[in-house]
């Protein structure tokens, strides 16, 4: 059970960091795009996609570990 607690913490951290990364890359890709070179705009758009996938994977992992620990999953 202690192992699941550790992985749950990592999944929660993954959701938080992915959300932060998504907000930053969306800000770079859209409102600040005029101030960035094209290469950075491309990386910002790619980052938007990658961080969105990161949120989904970390959230599914979070639900799995909550289920394994017998906690409510919602």
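Numbering (UniProt numbering), first residue to last: 1 to 74.
The C-beta atom is built at its ideal place from N, Cα and C for all residues, glycine as well.
The structure presented is a predicted model; accordingly, all values stated were derived computationally and were not measured.
Which residues in the same chain have their Cβ closer than 7 Å to the Cβ of residue i, if we skip the five residues on either side of it in sequence?
| i | result |
| --- | --- |
| residue 22 | 48, 51, 52 and 55 |
| residue 43 | none |
| residue 59 | 15 |
To the nearest angstrom, how far is it from the Cα of residue i to the Cα of residue j?
| i | j | result |
| --- | --- | --- |
| residue 40 | residue 19 | 19 Å |
| residue 38 | residue 24 | 17 Å |
| residue 14 | residue 30 | 24 Å |
| residue 32 | residue 17 | 21 Å |
Please report the residue range of the alpha helix (DSSP H) in which residue i lies.
| i | result |
| --- | --- |
| residue 62 | 38-68 |
| residue 75 | Outside the displayed span of the chain (1 to 74) sits residue 75, for which this structure offers no information. |
| residue 19 | 2-29 |
Out of the options, which has the shortest C-alpha to C-alpha gap to residue i?
| i | options | result |
| --- | --- | --- |
| residue 27 | 37, 38 and 45 | 45 |
Considering only residues of the same chain and omitting the five flanking positions on each side of residue i, which have a CB-CB separation below 8 Å?
| i | result |
| --- | --- |
| residue 8 | 62, 65, 66 and 69 |
| residue 36 | 28 and 44 |
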